[in-house]
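J.:
Numbering (the UniProt record's numbering), first residue to last: 1 to 177.
(1) In this structure, what does DSSP give as the bridge partners for residue 60?
(2) Note down, in chain order, each residue of its chain lying with its Cβ closer than 8 Å to the Cβ of residue 113, except the 5 sequence neighbours on either side.
(3) Spell out the partners DSSP gives residue 160 in its beta bridges.
(4) So for residue 94, helix, strand or coil by DSSP?
(5) Excluding the 5 residues preceding and the 5 following residue 95 in the sequence, name in chain order all residues of the same chain whose CB lies nearer than 6 Å to its CB.
(6) For residue 92, is the classification buried or exposed, using 16 other Cβ atoms within 10 angstroms of its Cβ as the cut-off for buried?
(7) Give the single residue among 115, 109, 110, 154 whose Cα lies nearest to the Cα of residue 101.
(8) Can you tell which of 31, 45, 8, 43 has its C-alpha closest to the C-alpha of residue 81?
(9) To the nearest angstrom, how far is it from the Cα of residue 148 to the Cα of residue 172?
(10) Please look up how many angstroms separate the CB atoms of residue 1 and residue 61, rounded, as I've assumed it's under 8 Å.
(11) Which two residues bound the contiguous alpha helix (DSSP H) that contains residue 178?
(12) Would you list the residues sitting across from residue 88 in a DSSP beta bridge?
(13) Taking 6 Å as the limit between beta carbons, can you name the residues of its chain near residue 42, skipping five residues before and five after?
(14) Using the DSSP secondary-structure output, state which residues sit across from residue 2 in a beta bridge.
(15) Check whether the Cβ atoms of residue 57 and residue 7 sit closer than 7 Å, and answer yes or no.
(16) Please classify residue 154: is it buried, with 16 or more other beta-carbons within 10 angstroms of its beta-carbon, or exposed?
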């Protein structure tokens, strides 16, 4: 679905898009700005995904909307800070592409397909008497980043935790752990 203010029927298309948002379909929205270089580079890649995913997932909406029409959209979140803006919308869930959990975010067709398929994956599991949604929980703290681990000087560790880290590292190297 392509919506631009230069189209004569853009009001009808906006109304149809808002109905699809309310209906609870999986919507992948690309907001672009005229004269934006990164938007112009992303447009051809975004158009390629429509053809590749419509056959596999007929119930999704892949939309490309000009930022001038953002105020007339309902249920798509706050106005973006920058363009291009790629969003996933399903019921009340709104997630930006840049904040997604996929590894490679290079605005290529392949990374868009990986992002979309990660959102459409069946996340419900059979559990005694019905289906339940498997919610992933984030555990805060407790893990050191690899960069931090590598910055520890094991010749002169400071503090109990760093000493424990260096001791377990030595034991792993010797094969005792």
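Every residue, glycine too, gets a C-beta built ideally from N, C-alpha and C.
T.: In short, the structure shows the following:
(1) 26
(2) 49, 52, 53
(3) Its beta-bridge partners do not exist; DSSP assigns none.
(4) strand
(5) 88
(6) exposed
(7) The option with the nearest alpha carbon to residue 101 is 115.
(8) 31
(9) Each residue's alpha carbon lies about 19 Å from the other.
(10) Sure, about 6 Å apart at Cβ, within 8 Å.
(11) Since the displayed the chain opens at 1 and closes at 177, residue 178 lies outside it and no answer follows.
(12) 28, 95
(13) 84, 107
(14) Looking at the DSSP assignment, residue 2 forms a beta bridge with 64.
(15) It is not a contact, given that the beta carbons lie outside the stated cut-off.
(16) exposed
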